[in-house]
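Structure record follows, encoded as structure tokens.
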Amino acid sequence: MSETIIALISLIALEVILGIDNIIFISILADKLPEDQRNKLRYWGIGLAMIMRLLLLAVISWILRLDQTLFTWFNIAFSGKSLILIVGGLFLLYKSTKEIYHKSEIASEETPRIPVKSSFSKLLGEVILLDLVFSVDSIITAVGMVNELWVMYTAVIVTVIIMLVASKPISDFIHKHPSFKILALCFLMMIGVSLLAEGFQFKIPKGYIYFSMAFAFLVDVIQMKTVKHK
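For the sequence shown, position 216 matches number 247 in our numbering, and the numbering has no gaps at all.
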């Protein structure tokens with residue numbers, strides 16, 4: 032029993048770390064909406080992430096087949112998971128690069144606002160696409176860690192509750208500090224590169240990415256405090 036509890040806690044911790052990417056992406060997209068719509072996008076995005084992961088657990092045998100080789104190209108074996116990660120990595124690189132460009136180059140230009148309704152639908156569609164990519168990666172990781180299905184279900188539900196609680200403070204913090212928004216977008220770019228590399232069977236340890244971003248975050252906090260004191 033103790034081994035099961037340790038496995039559950041470890042899986043929850045890993046799922047929360049993987050879920051940070053999702054929260055940052057949703058928070059940046061939610062910032063484009065009016066204030067009364069932001070919570071709606073966050074709740075929908077994180078809620079759909081939970082539903083996707085629970086549904087994927089229900090068809091776990093199909094998910095495991097995604098890890099099987101579909102074809103080989105230039106001595107690189109591609110599976111269903113690889114293709115999903117490549118698509119997700121390219122999408123994440125495109126979105127983060129586009130957002131950085133808008134923030135740094137044309138932020139001062141007046142652009143026509145699109146209707147809130149169509150904007151919300153478009154942003155929700157983008158959230159769903161990334162939810163799918165992160166969910167497949169998350170479930171395959173969970174299968175590699177534990178064997179009991181109930182442990183996976185519990186970890187997913189607990190993780191989503193933590194993400195729901197953490198999403199608003201993270202979103203508010205990113206909204207109040209534009210420099211951290213650029214940092215978050217750079218973080219998403221790195222995750223996109225990581226997904227692409229993994230899709231091509233070249234794994235970059237995520238610990239390196241999270242450590243480098245934590246260090247950059249710390250430097251930004253110190254800089255912000257120094258500027259305030261001046």
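C-beta atoms are modelled at their ideal positions from N, C-alpha and C, and glycine is treated no differently.
* Asked: Which same chain residues, not among the five before or five after ALA197, have their C-beta less than 7 Å away from its C-beta?
  -> ILE54
* To do: Report all residues from its chain with a CB closer than 7 Å to the CB of GLN254; omit the five preceding and five following residues, and keep chain order.
  => none
* To do: Would you list the residues sitting across from SER225 in a DSSP beta bridge?
  => DSSP lists no partner for SER225.
* **Through-space distance from THR257 to PHE218, alpha-carbon basis** => 23 Å
* **Local conformation of PHE19 per DSSP, three classes** => Examination of residue 19 is not possible in this model, given that the chain is present from 32 through 261 alone.
* Asked: Who are the Cβ neighbours of ILE205 in its own chain at under 8 Å, not counting the five residues just before and after it?
  -> Answer for ILE205: ILE55, SER58, ILE59, ASP62, PHE211, LYS212, ALA215, listed in chain order.
* To do: Go ahead and pull the three-state DSSP assignment for LEU161.
  => Residue state, collapsed to three classes: helix.
* Sub-7 Å separation of ALA186 and LEU49 beta-carbons -> no
* Which residues mark the beginning and the end of the alpha helix (DSSP H) in which PHE105 is found? -> It is not in any alpha helix (DSSP H) - PHE105 carries neither H nor E in the DSSP assignment.
* **Sequence-distant residues of the same chain with beta carbon closer than 8 Å to LEU72, five excluded per side** => Hits under 8 Å: ILE57, LEU60, ALA61, LEU64, PHE151, LEU154, LEU155, VAL158.
* Three-way DSSP call (helix, strand, coil) for LEU121 in this model -> helix
* On a CA-only basis, which of ILE240, SER166, ILE192, GLU46 is nearest TYR74? Give me that one, please. => ILE192
* To do: Label VAL90 either buried or exposed according to how many other C-beta atoms from any shown protein chain fall within 10 Å of its C-beta, with 16 as the threshold for buried.
  => Taking every protein chain shown into account, the CB of VAL90 has fewer than 16 other CB atoms within 10 angstroms, so this residue is exposed.
* **alpha helix (DSSP H) segment containing VAL191, residue limits** => 180-207
* Asked: Buried or exposed: which applies to PHE165, given that a residue is buried once 16 or more other Cβ atoms fall within 10 Å of its Cβ?
  -> buried
* With DSSP as the reference, label LEU101 as helix, strand or coil. => strand
* Asked: Just how far apart, CA to CA, sit ASN106 and SER202?
  -> Our two residues, ASN106 and SER202, have alpha carbons roughly 42 Å apart in a direct line.
* Could you tell me if VAL250 is buried or exposed, where buried requires 16 or more neighbouring beta carbons within 10 angstroms of its beta carbon? => Burial is judged here by how many other beta carbons sit within 10 angstroms of a residue's own beta carbon; VAL250 has fewer than 16 and is exposed.
* **Closest residue to MET220 among GLU179, ALA173, ASP162, ILE131 (Cα-Cα distance)** => ILE131
* Asked: For LYS153, which three-state DSSP category applies?
  -> helix
* Asked: Hey, LEU88 and MET183: beta-carbon distance below 7 Å or not?
  -> yes
* Where the alpha helix (DSSP H) through ASP67 begins and ends -> 66-89
* Around the C-beta of GLU179, are 16 or more other C-beta atoms found within 10 angstroms, so that it is buried, or is it exposed? -> exposed
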